[in-house]
Amino acid sequence: PVVVMGPTGSPTEIPSGQQVLLLGGGLGNAVLFSIAKAMRENGNRVVYFAGYKKGEDLFKREEIERATDQVIWSTDMGAAIEPRRPQDAHVRGNIVQAVLAYQREELGDRVVPLESVDRIIAIGSDRMMAAVTAARHGVLAPYLKADHVAIASINSPMQCMMKEVCAQCLQ
573 PVVVMGPTGS PTEIPSGQQV LLLGGGLGNA VLFSIAKAMR ENGNRVVYFA GYKKGEDLFK
633 REEIERATDQ VIWSTDMGAA IEPRRPQDAH VRGNIVQAVL AYQREELGDR VVPLESVDRI
693 IAIGSDRMMA AVTAARHGVL APYLKADHVA IASINSPMQC MMKEVCAQCL Q
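Residue numbering for the sequence shown follows our numbering, starting at 573 and increasing by one per position.
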């Protein structure tokens, strides 16, 4: 199902007692850390894959760390994001490569093994969403529960001069 959401859309559902996998790309991380916080405050275990083009693009680090049980930082280039907590890690590569490295236990202990994930929320560019979709139905499929819930939100520009209508409504 497709749900068109904008300023008057439905809020993110925050369940309790679940294992949650969050995938944020670039500016998607600006929204995702607040979802992570709400998820964790509601009794969920949260692993967060935060992807950036360059490590220098990192923002809201403290908020992301406070809102999660584990963070896997990934960068395509530039400075690596050095983990500050023992359970966190950094991967040079894209978000799907980071999830695969996590699954193969190349990054240390998995706080939320993929086999236990109940819910995936991904926010990023259309290219990232395409990669995550392909991975869910491809390379990650053998590791994910068949009945997991997956929610994706594609970054889209606001058409603020059009009576405050979000471009999502135009799509």
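Backbone N, C-alpha and C fix where the C-beta goes; we use that ideal spot for every residue, glycine too. The structure presented is a predicted model; accordingly, all values stated were derived computationally and were not measured.
What three-state label does DSSP hand residue i in the structure shown?
i, result
"R633", "helix"
"I586", "coil"
"S606", "helix"
"D698", "helix"
"V684", "coil"
"V689", "coil"
Less than 8 angstroms separating the beta-carbons of residue i and residue j?
i, j, result
"L593", "L604", "no"
"I695", "A722", "no"
"M700", "I667", "yes"
"S697", "G627", "no"
"Q642", "V684", "yes"
"I636", "A661", "no"
Rounding to the nearest angstrom, what Cα-Cα distance links residue i and residue j in this structure?
i, j, result
"R657", "G710", "31 angstroms"
"F524", "A673", "A query on residue 524 cannot be resolved here, the shown segment of the chain reaching from 573 to 743 and no further."
"A713", "A707", "7 angstroms"
"R664", "D690", "26 angstroms"
"R633", "V619", "14 angstroms"
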